[in-house]
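Participant: Can you read through this structure? Questions will come right after.
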Amino acid sequence: MKNQTAFLDEAFKINIRNTKMPQIGDEDVLVKISHVTICGSDAYFFRDPTFAGTIVPPILPIVLGHECGGVIEEVGSNVKHLKKGDRVAIEPGAGCGECDDCLSGRYNLCRDMDFMAAPPFTRGALSRYVSHPAKMVFKLPDNMDTIEGALIEPLSVGMHAANRGGAKLGKTAVVLGAGCIGLMTIASLKAMGVSTVIASDLYQNRLENAKKMGAGNTVNAKEEDVKKRVMELTGGRGADLVFETAGNQKTAAQTIDLVRPGGKIVMVGNVHGETPFRFMEANNKEADVISVFRYVNIYPMAISAVASGQINVKDMISKTFPFEKTQEAFECAVNEQDTVMKVLIEF
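For what it's worth, the working numbering labels the leading residue of the sequence shown as 856, then goes sequentially.
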């Protein structure tokens, strides 16, 4: 079989080359990748391979992509829950399974996590065939395709955030930032029964997408005072839950203004540098500040939410490119990030 792989060789330059077929172990599966969606971190690496947001800078060349779905081509001798021909979603990170974090169930915090396209690891999903631990590969129901399978990854971030915030019926929530993760958080909050979701962003087209995903009210931060509007919508008390998904210092600092006394602030976005957060105000409100790192034990729940029709992830796709035009796909994701929500690459 022929394997083709897209390598990021330098900033803004992706080349496709023939590579050796991956070898699988007894506990692994070989997946024929069908679809990959471009994550914000992929776009960052494409633009700047020395991206300072990572603990370890990428080693070039690197194969990008970790949001992926495909079809099982081969299974290891000890794999019993999957077979050739199964359509699957791949959870891109695999913990060591032996450290205290893994053994306590929080494998997302594993210090030896092998996560696709996350430095220092250089293998990603933008390859026709990939080998992956079978325990992190999930069979899709008959009514789901591999496009939806690829989008389970970002949906899992939103679901984990909603879980960490204690989302439930009767709660009110504010989501700052209506990019991909913001939209997935909105969809997750509604699926979990949150009564009122307010979305804020600088771009009206993103706010329209937020409405499609379940936001009952939207606030254009360019045109309105976000705090004033949120207070109007919450009877002057603020929201039970405030999610920062924009990865912006200003919105991170703004969270304390929007949360009600006794509420929760959930930090989802990657905010770089120092943030002027007013902790005394958080103390006075006795507000909980909760952080989110990727997700853990979420894939089955996310797949169920899509399969049942509670969440329509396909609405996220803005543009589609064939694998042969991976370079153009990344240029689109970087240059049109204000209007394009999610770029899909298909094999």
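Ideal Cβ placement from N, Cα and C applies to all residues, glycine included.
Computed from a predicted structure; not experimentally measured.
Quick check: the region 876 to 887 against the region 926 to 936, are there 3 or more CB pairs under 8 Å?
Facilitator: Contact holds: three or more Cβ-Cβ distances are below 8 Å.
Participant: Evaluate His1015 with the Cβ neighbour count: other Cβ atoms within 10 Å of its Cβ, from every protein chain shown; 16 or more gives buried, anything less gives exposed.
Facilitator: buried
Participant: Taking the alpha helix (DSSP H) that Asp864 falls in, what are its first and last residues?
Facilitator: Counting along the chain, Asp864 falls outside any alpha helix (DSSP H), though it belongs to the beta strand (DSSP E) covering 858 to 865.
Participant: Apart from the five residues just before and just after Leu915, which ones in its own chain have a Cβ nearer than 7 Å to its Cβ?
Facilitator: Leu863, Asp864, Glu865, Pro904
Participant: Hey, could you find the ends of the beta strand (DSSP E) Lys1067 is sitting in?
Facilitator: Unbroken run through Lys1067 is the alpha helix (DSSP H), 1059 to 1068; no beta strand (DSSP E).
Participant: Using 8 Å as the Cβ pair cut-off and three pairs as the minimum, do the region 1148 to 1158 and the region 941 to 952 touch?
Facilitator: When C-beta atoms of the region 1148 to 1158 are compared with those of the region 941 to 952, three or more pairs fall below 8 Å, so the two segments count as touching.
Participant: Can you find the residues in the same chain that come closer than 8 Å, C-beta to C-beta, to Glu1141, ignoring five residues on each side of it along the sequence?
Facilitator: Pro1116, Gly1117
Participant: Counting C-beta neighbours from all protein chains within 10 Å, is the total for Lys1197 16 or more, i.e. buried, or is it exposed?
Facilitator: buried
Participant: My output table needs one value for Asn1190: the three-state DSSP class, helix, strand or coil.
Facilitator: The answer is helix: DSSP assigns Asn1190 an H, G or I state.
Participant: Which of helix, strand or coil does DSSP assign to Ala907?
Facilitator: Confidence in Ala907 is poor, its pLDDT being 49 and thus under 50, which makes the residue's placement unreliable; the coordinate value appears in the next sentence. DSSP places Ala907 in coil when its eight states are reduced to three.
Participant: Take Ala1022 as the anchor and find which of Pro1131, Phe993, Leu1038, Lys1045 has the nearest alpha-carbon.
Facilitator: Ranking Pro1131, Phe993, Leu1038, Lys1045 by Cα distance to Ala1022 puts Lys1045 first.
Participant: Would you give the residue range spanned by the alpha helix (DSSP H) that Lys1045 belongs to?
Facilitator: 1035 to 1046
Participant: Identify which residue in Thr1051, Leu1096, Asp1056, Phe867 has its Cα closest to the Cα of Glu1078.
Facilitator: Asp1056
Participant: What is the DSSP secondary structure of Arg1115, counted as helix, strand or coil?
Facilitator: strand
Participant: Using only the alpha-carbon positions, how far apart do Ser986 and Ile879 sit?
Facilitator: 6 Å
Participant: Using 10 angstroms around the beta-carbon of Leu1024, count the other beta-carbons present and answer buried if the total reaches 16, otherwise exposed.
Facilitator: So Leu1024 ends up on the exposed side.
Participant: Are Met999 and Ile1158 closer than 9 Å when you measure CB to CB?
Facilitator: yes
Participant: Who are Lys868's beta bridge partners in DSSP?
Facilitator: Glu865
Participant: From which residue to which residue does the alpha helix (DSSP H) around Thr1001 run?
Facilitator: In the DSSP assignment, Thr1001 falls within the unbroken alpha helix (DSSP H) covering 1001 to 1020.
Participant: Return the residue from the list Val1168, Lys1169, Phe1202 that minimises the CA-CA distance to Phe1176.
Facilitator: Phe1202
Participant: Which of helix, strand or coil does DSSP assign to Met1122?
Facilitator: strand
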